[in-house]
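The opening residue of the sequence shown carries number 91 in our numbering; numbering runs sequentially from there.
One structure is given below, encoded as structure tokens.
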Amino acid sequence: MRRSVILAAVAALAAACSTVYVAASASAATACAPAWSASATYVKDNVAAKGGNNYTAKWWTQNEDPATHSGQWDVWVNNGACGGTTNPSPSVSVSTPASPSPSTSPSASPTPSTSPSTPIPVGGLPKHALIGYLHSSFANGSGYLRMADVPADWDIINLAFGEPTSATSGDIQFKLCPVAECPGVESEADFIAAIRTKRAAGKKVLLSIGGANGQVQLTTTAARDKFVSSVSAIIDKYGLDGVDIDFEGHSLSLNTGDTDFKNPTTPVIVNLISAIKTLKTRYGTGFVLTMAPETFFVQLGYQYYGSGPWGGQDPRAGSYLPVIYAVRDILTVLHVQDYNSGSIMGLDNQYHSMGGADFHIAMTDMMLAGFPVAGNTANMFPALREDQIAFGAPSSVSAGNGYVAPAAVQEAVNCLVKGVSCGSYAPRSGTNPNFRGLMTWSINWDRFYGWEFRNSHEPFLNALP
């Protein structure tokens, strides 16, 4: 999103029928568990010993020394000193199933058998939701809008933006727009009270992190940990439901040689995945996670992924794919920004450009059907569930490039949901009655233009089967 216009170690699944080794749980209160091994894989609640202490893993981990990774927001919990007899079973072998087949249906949600996860509940979201961004921390030509004055039609409200103190610090900060820039801004107490009222009414209020001006590069584990602690502090202070990941610009980029989106090695990718999973662990099943990547970071991955083994490409191409893949079981909604985009190739191998229904249909169909990454049919990005998918459109001509009138947006939704009015693009995903809905940048710009987006699309979404 541009202001004026516009996440646990890697959750990589083991290869098909491979074997991983996890430490057995300690059976005696003071006995030391099997010694921690840098080459072993541990999952949630596994216990290992290091330096005379027992440690319990909070989530999947490998090669993260418990002696140095047992802080408040880290992977290990220090259970205190141990001694005496060591558990005689040093390890247990666990076989993981094959990765999801390319033909996995859109409604299926693949989960690792070592730690089965339950899809996050929709938590009161309607079947088809209206999602928007609220400029809360800055001013622009659209004007400031108090939280209490946001119409009840908005089901998810993303607060724009939480931004880092520096690109690599991981220290995310969020403050209300200063009164000098935003006359009429409410007090912090009133803002928090209004958020509480929204949530009591079943609405979800999230911290959107990043934006065009908020470059976030979690290059180190220290930055990852600071990200988790600072974001948690904001969530707790304002009483929020979760986060929206809106990393743009140079926040995500793949290192040379990092070519498998299912097993990323680039620190900024690995650390973001870890941070998101840590936040989910902290807040539990009610944690709402949305993402708003640009097409460059997602759909462009159909043609290009990172710099490729031969180089010469933008290393940011498709760089959101490993993040989406790793957190797909806890992802609430992915709403790609179908605006401020260049032409992107769809599953019909034709280029699609902004400005009409076809672009929305083709871009969204890729997430509903899945696609080979960088043309490699042996490396398929699996389809997400229908209820995890929405698409983003500008609310007005001033909100972003790629604005189309409400009728064209609804034409795209009708095609994706009902299979009608599909124009020149035939969706590979078929019909998707559980398609989640529409996102817009932004609520403020929508108000500026007389609520065209809200007034057109809320009743339309409500009328969908």
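Ideal placement from N, C-alpha and C gives every residue a C-beta, glycine not left out.
A quick note: this is a predicted structure, and the numbers were derived from the prediction, not measured.
Of all the options the options, which has the alpha carbon lying nearest to the alpha carbon of residue i?
i           : options            : result
residue 487 : 231, 296, 341      : 231
residue 543 : 281, 375, 348, 222 : 222
residue 327 : 280, 140, 506, 538 : 280
residue 551 : 218, 238, 365      : 218
residue 154 : 458, 302, 360      : 360
residue 320 : 340, 303, 441, 368 : 368
residue 375 : 341, 419, 357, 355 : 419
residue 348 : 394, 370, 371, 314 : 394
residue 238 : 228, 261, 278      : 278
residue 526 : 235, 260, 425, 541 : 425
residue 301 : 467, 126, 228      : 228
residue 379 : 247, 450, 502      : 247
residue 306 : 336, 345, 505      : 336
residue 391 : 436, 345, 126, 285 : 436
residue 468 : 537, 352, 366, 290 : 352
residue 261 : 545, 324, 463      : 324
residue 216 : 140, 293, 258, 234 : 293
residue 257 : 358, 167, 346      : 358
Within 10 angstroms of its Cβ, does residue i collect 16 or more other Cβ (buried), or is it exposed?
i           : result
residue 478 : buried
residue 271 : exposed
residue 558 : No information on residue 558 is available, as it lies outside the stretch 91 to 555 that the chain covers here.
residue 170 : exposed
residue 245 : buried
residue 316 : buried
residue 146 : buried
residue 427 : buried
residue 210 : Note that residue 210 has pLDDT 34, beneath the 50 cutoff, so the model's placement of it is unreliable and the number below is only indicative. By the 10 Å Cβ count, residue 210 comes out buried.
residue 548 : buried
residue 510 : exposed
residue 226 : buried
residue 129 : exposed
residue 441 : exposed
residue 135 : exposed
residue 522 : buried
residue 364 : buried
residue 340 : exposed
residue 343 : buried
residue 304 : buried
residue 157 : exposed
residue 160 : buried
residue 291 : exposed
residue 422 : buried
residue 370 : buried
In the DSSP assignment, what are the bridge partners of residue i?
i           : result
residue 298 : 250, 334
residue 439 : Partner(s): none; residue 439 has no beta bridge.
residue 521 : DSSP, once it has assigned bridges, lists no residue as partnering residue 521.
residue 573 : Summary: the structure shown does not reach residue 573, with the chain confined to residues 91 through 555, and so no result is reported for it.
residue 470 : 462
residue 146 : 137, 167
residue 307 : None; residue 307 has no bridge partner.
residue 427 : 384, 482
residue 434 : 442
residue 378 : 332
residue 263 : 253
residue 125 : 139
Given a cut-off of 7 angstroms, decide if residue j and residue i are closer than it, judged by their beta-carbon atoms.
i           : j           : result
residue 385 : residue 322 : no
residue 456 : residue 389 : yes
residue 396 : residue 383 : no
residue 332 : residue 387 : no
residue 480 : residue 530 : no
residue 460 : residue 472 : yes
residue 120 : residue 172 : yes
residue 220 : residue 243 : yes
residue 534 : residue 476 : no
residue 143 : residue 137 : no
residue 507 : residue 554 : yes
residue 451 : residue 416 : no
residue 285 : residue 329 : yes
> Does the region 289-297 come close enough to the region 243-261 that 3 or more CB-CB pairs lie under 8 angstroms?
Replying inline: With the cut-off at 8 angstroms, the region 243-261 and the region 289-297 touch.
> Is the region 301-318 in contact with the region 266-282, if contact means three or more CB pairs nearer than 8 angstroms?
Replying inline: The region 301-318 vs the region 266-282: no contact.
> Three or more beta-carbon pairs under 8 angstroms between the region 435-445 and the region 480-499, yes or no?
Replying inline: In short, these stretches touch, since the Cβ pair count reaches three.
> Does the count of Cβ pairs from the region 507-524 and the region 407-423 closer than 8 angstroms reach three?
Replying inline: The region 507-524 and the region 407-423 do not touch, with fewer than 3 CB-CB distances between them shorter than 8 angstroms.
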